[in-house]
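For the sequence shown, position 71 (counting from the first letter as 1) is numbered 71 according to full-length UniProt numbering, and the numbering increases by one without interruption.
Every residue, glycine too, gets a C-beta built ideally from N, C-alpha and C.
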Amino acid sequence: MHKVGYIKSTSKQEIEEQSEFLISKGCSKIYVETSKGFQSKEKLKDAIESLSKGDTLAVTRLSILCISVQSLLEIMYELENKDVNLEVIQQNFNSKDNHSLDELLICLVEFVEDIKVEKRIIGLKNGKRVGRPLKLTQQQIFQAIKLKHSQSSKQVANKFGVARSTLLRHIAKQKRAS
1 MHKVGYIKST
11 SKQEIEEQSE
21 FLISKGCSKI
31 YVETSKGFQS
41 KEKLKDAIES
51 LSKGDTLAVT
61 RLSILCISVQ
71 SLLEIMYELE
81 NKDVNLEVIQ
91 QNFNSKDNHS
101 LDELLICLVE
111 FVEDIKVEKR
121 IIGLKNGKRV
131 GRPLKLTQQQ
141 IFQAIKLKHS
151 QSSKQVANKF
161 GVARSTLLRH
171 IAKQKRAS
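Put into structure tokens, the structure is as follows:
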């Protein structure tokens with residue numbers, strides 16, 4: 001019976017930290033997934049295939065293993081069919097132990113929160129803007145600046161369908177940026 005670790009990360013530093021942590025917890029081999037998306041699971045498949053009855057698959061957190069409760073259940077069923085244990089070290093979960101429903105639910109809640117954070121980070125890295133969409137586009141702001149020389153702020157704001165304060169805030173922000 002041996003313990004195999006699985007790591008999924010986009011950061012080299014995170015990989016090193018998780019590797020050291022898993023080795024300190026008794027992992028004899030570690031599989032590292034370095035893909036940027038959630039879809040690739042080649043190393044996870046390799047890790048599961050390398051396990052035999054009584055072995056343990058170890059991860060630091062559930063969010064490293066998968067991105068949804070459904071995929072978690074599929075992995076857990078696959079491990080259960082092979083009679084392999086799942087150990088989630090930082091969340092103090094081991095499938096070979098008898099856990100109460102409370103412990104499992106706490107672990108699942110943390111898992112869902114971790115996934116939300118990971119998806120948010122990936123979205124930010126892909127350039128997705130957070131928050132409410134801007135009322136005026138960059139082009140509209142430039143037009144408003146030109147119109148403001150010949151019209152009042154109120155007239156320009158009405159032309160673009162925004163409040164005067166919104167218009168002035170966008171113009172001030174543009175002037176600070178240039």
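Could you tell me the alpha carbon to alpha carbon distance between Glu74 and Asn81, rounded to whole angstroms? Numbered from its first residue, the sequence shown carries residue 74 at position 74. Numbered from its first residue, the sequence shown carries residue 81 at position 81. Computed Cα separation, rounded: 11 angstroms.
Which one of Asn94, Arg164, Asp46 has the shortest CA to CA distance from Tyr31? In the sequence shown, residue 31 corresponds to position 31, counting from 1. The shortest C-alpha separation from Tyr31 is found at Asp46.
Per the DSSP calculation, Thr56 is bridged to which residue(s)? Sequence index remark: in the sequence shown, residue 56 carries index 56 (1-based). DSSP lists Lys3, Asn85 as partners of Thr56.
Can the beta-carbon of Asp55 be found less than 7 angstroms from the beta-carbon of Met1? Numbered from its first residue, the sequence shown carries residue 55 at position 55. Numbered from its first residue, the sequence shown carries residue 1 at position 1. Yes, Cβ-Cβ distance for Asp55 and Met1 is below 7 angstroms.
CA-to-CA distance, Lys146 to Lys159, given in whole angstroms: To locate residue 159, count along the sequence shown from 1; it is residue 159. To locate residue 146, count along the sequence shown from 1; it is residue 146. Each residue's alpha carbon lies about 13 angstroms from the other.
Among the residues of its own chain, which have a CB less than 8 angstroms from the CB of Lys53, if the five just before and after it don't count? In the sequence shown, counting from the first residue as 1, residue 53 sits at position 53. So the qualifying residues of the chain are Lys82, Asp83, Val84.
Rounded to whole angstroms, how far is the Cβ of Ile67 from the Cβ of Ile115, which I believe are closer than 8 angstroms? As a first step, residue 67 must be located in the sequence shown, where it is residue number 67. As a first step, residue 115 must be located in the sequence shown, where it is residue number 115. The distance from the Cβ of Ile67 to that of Ile115 is about 5 angstroms, consistent with a contact at the 8 angstroms cut-off.
Could you work out which residue in Ile141, Ser150, Glu110, Tyr6 is closest to Thr166 when comparing CA atoms only? Sequence index remark: in the sequence shown, residue 166 carries index 166 (1-based). Nearest option by C-alpha distance: Ile141.
Which word fits Ile48, buried or exposed, when buried means at least 16 other C-beta atoms lie within 10 angstroms of its C-beta? As a working note, residue 48 is residue 48 in the sequence shown. Around the beta carbon of Ile48, 16 or more other beta carbons lie within 10 angstroms, which makes this residue buried.
Which of the three DSSP states, helix, strand or coil, is assigned to Asn126? The sequence position of residue 126 within the sequence shown is 126, counting from 1. If DSSP states are grouped into helix, strand and coil, Asn126 belongs with coil.
Range covered by the beta strand (DSSP E) that runs through Val32: Within the sequence shown, numbered from 1, the residue matching residue 32 stands at position 32. 29 to 33 is the extent of the beta strand (DSSP E) around Val32.
With 16 as the cutoff for other CB atoms within 10 Å, does Tyr6 come out buried or exposed? For this step, residue 6 is matched to residue 6 along the sequence shown. By the C-beta density criterion, Tyr6 is buried, having at least 16 other C-beta atoms within 10 angstroms.
Span of the alpha helix (DSSP H) around His170: Position 170 of the sequence shown, counted from the start, is the residue given in the question as residue 170. Taken as a continuous stretch (DSSP letters only), the alpha helix (DSSP H) holding His170 covers 164 to 177.
Do you know how far the Cα of Leu104 is from the Cα of Lys128? Mapped onto the sequence shown, residue 128 falls at position 128. Mapped onto the sequence shown, residue 104 falls at position 104. One alpha carbon belongs to Lys128, the other to Leu104, and they sit about 33 angstroms apart.
Can you give me the start and stop residues for the alpha helix (DSSP H) that Lys154 sits inside? Residue numbering aside, residue 154 sits at position 154 when the sequence shown is read from its first letter. Looking at the DSSP string, the run of the alpha helix (DSSP H) that includes Lys154 is 153 to 160.
Would you call Glu87 buried or exposed, if buried means 16 or more other Cβ atoms sit within 10 Å of its Cβ? Here residue 87 is taken as the residue at index 87 of the sequence shown, counted from 1. By the C-beta density criterion, Glu87 is buried, having at least 16 other C-beta atoms within 10 angstroms.
Provide the residue(s) that pair with Asn94 in DSSP beta bridges, ordered along the chain. Counting from 1 along the sequence shown, the entry for residue 94 is found at position 94. Looking at the DSSP assignment, Asn94 forms a beta bridge with Glu87.
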